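Participant:
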Amino acid sequence: MTSYDIPDHSYPLQTSTTINDSFDTEYVYNMGAKAIPCEAYIPENGNINAQLRTKLQMVRIMQQLDGWCTVSKASILMDLVFIFQPRVIVEIGVWGGKSLIPMALAVKNNSSGKVYGIDPWSATSSIEGQDGENKDWWQAADHNQVYDKLVEQLARCDLNSVVTLIRKESQDAAPIPNIDILHIDGNHSDKTSYEDVRKWLPLVGMGKLVIFDDTTWSSIDRALPLLNEYCIKLAEFKGENTWGIWLKVKEVPTEIE
Ligand SMILES: C[S@@+](CC[C@H](N)C(=O)[O-])C[C@H]1O[C@@H](n2cnc3c(N)ncnc32)[C@H](O)[C@@H]1O
Numbered sequence: 005m006t007s008y009d010i011p012d013h014s015y016p017l018q019t020s021t022t023i024n025d026s027f028d029t030e031y032v033y034n035m036g037a038k039a040i041p042c043e044a045y046i047p048e049n050g051n052i053n054a055q056l057r058t059k060l061q062m063v064r065i066m067q068q069l070d071g072w073c074t075v076s077k078a079s080i081l082m083d084l085v086f087i088f089q090p091r092v093i094v095e096i097g098v099w100g101g102k103s104l105i106p107m108a109l110a111v112k113n114n115s116s117g118k119v120y121g122i123d124p125w126s127a128t129s130s131i132e133g134q135d136g137e138n139k140d141w142w143q144a145a146d147h148n149q150v151y152d153k154l155v156e157q158l159a160r161c162d163l164n165s166v167v168t169l170i171r172k173e174s175q176d177a178a179p180i181p182n183i184d185i186l187h188i189d190g191n192h193s194d195k196t197s198y199e200d201v202r203k204w205l206p207l208v209g210m211g212k213l214v215i216f217d218d219t220t221w222s223s224i225d226r227a228l229p230l231l232n233e234y235c236i237k238l239a240e241f242k243g244e245n246t247w248g249i250w251l252k253v254k255e256v257p258t259e260i261e
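Everything in the sequence shown is counted per this note's numbering, starting at 5 for the first residue and increasing by one.
(1) Under 7 Å Cβ to Cβ from Gly133, same chain only, skipping five residues before and after it: list those, please.
(2) Can the beta-carbon of His147 be found closer than 9 Å to that of Ser174?
(3) Below 8 Å on the Cβ atoms is my contact criterion, and I expect Thr219 with Glu240 to pass it. Report the Cβ-Cβ distance as a whole number of Å.
(4) Decide if the segment 181-191 is in contact with the segment 157-165; the criterion is three or more beta carbon pairs, one per stretch, under 8 Å apart.
(5) Measure how close the beta-carbons of Val94 and Ile215 come, nearest whole angstrom, since I'm counting them as under 8 Å.
(6) For Trp99, which of helix, strand or coil comes out of DSSP?
(7) State buried or exposed for Asp140, treating a residue as buried only when at least 16 other CB atoms are found within 10 Å of its CB.
(8) Taking 8 Å as the cut-off, is the CB of Cys73 close to at least one heavy atom of ligand 1?
(9) Please report the distance separating the alpha-carbon of Gly209 from that of Cys235.
(10) If you draw a straight line from the alpha carbon of Lys153 to that of Asp70, how long is it in whole angstroms?
(11) Pick helix, strand or coil for Ile80, following the three-state DSSP scheme.
(12) What's the gap between the Cα of Gln61 and the Cα of Arg171?
(13) Please classify Val253: does DSSP put it in a helix, a strand, or coil?
(14) With Leu100 and Val167 assumed to form a contact (beta carbons below 8 Å), what rounded beta-carbon distance in angstroms separates them?
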C-alpha cells in the first residue's frame, strides 16, 4: 500500500486556495501529517482522539452509502463542523447521505446541533431541467430505494436525534432560519440552482458558511455570481468534482429579486 503526502493544515480557511482532491478511500485524512492506512487507526481501546475516531467511522460508513461525496470532501465538511460547532446545518440534495451522514456524525460528536436534509427523492424533480445521459440516469434511478436505505442507515448510525429529513423540493420546504452551514448540492439546473441561492442564502447567518458543489458546471452560471455578490469564496477544491466554501459577508435582502 502507498501513502500520500497531504498539505499541512493548508485548508480550508485561506482565500481561494485550490486543493487537489486525490485521496483514496483506503486512507483517512489525519489532520496535518501523512495519510496513514486506516488499519493503523483502529485500535479497539486505543487512546485516539474522539474526532479522529468519528472520521474513521465516517470512512467505514461511506463505503455503504450511495452518492458522490468523496472521503476527502467528507473529511473537510467534518472539520468545518468540528471547528465552527454549527447549531443548524441545511443540506439541499441529500441522495444516499454521503455528504449528510459525515456532517451528522461530526454534529453528534460535538453534542449539539441539527442537520436538516432537504430532498424530494423524486425522479420528476431530478430530471427537471436535465437532458441527455444525465436525464436518463436520473429517470432510471430508484429514488424510493435510495431514500429507504438512507433511513435505515440513519437509524443504524444512531443519528435520528441529529438529522431531520424533509422530503420536499428545496423550493417547497419551509424556510429554516439562522443557518450556520448551508450545503447546496441539489438539482444543478440553471433554474433550480439559482433559486436555491435566492431562497436559502438570506437564511444563512452573517459570517456563516455556504458550501456549493460542482462549481464548474455551466448550468450554475447564474447561481455563482449571486453567491459571490454576498459571500467571499474561501476555498475551492478540485478533484472528482469541483466544489467550494463561501463565507457570507453581506446582508442579503429577504427576497432577492
Ligand atoms: C448530486 S445529488 C446529491 C448528492 C449528495 N449530496 C452527495 O454528496 O452524495 C442531487 C440530489 O438533489 C436532489 N434534488 C433534485 N431536485 C431537487 C430539488 N428541487 N430540491 C432539492 N433536492 C433536489 C436529488 O434527489 C438528488 O438526491
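Glycine included, C-beta positions come from ideal geometry on N, C-alpha and C.
What you are looking at is a predicted structure, and each value in this text was computed from that prediction instead of being measured.
Facilitator: Looking at the atomic coordinates:
(1) Asn191, Ser193, Asp194, Lys195 and Thr196
(2) no
(3) 7 Å
(4) no
(5) That belief does not hold up - the Cβ atoms of Val94 and Ile215 are roughly 10 Å apart, past 8 Å.
(6) coil
(7) exposed
(8) yes
(9) 11 Å
(10) 9 Å
(11) helix
(12) 26 Å
(13) coil
(14) Note on residue identity: the sequence assigns Gly, not Leu, to residue 100. Their Cβ separation, rounded to whole angstroms, is 13 Å, which puts Gly100 and Val167 out of contact at 8 Å.
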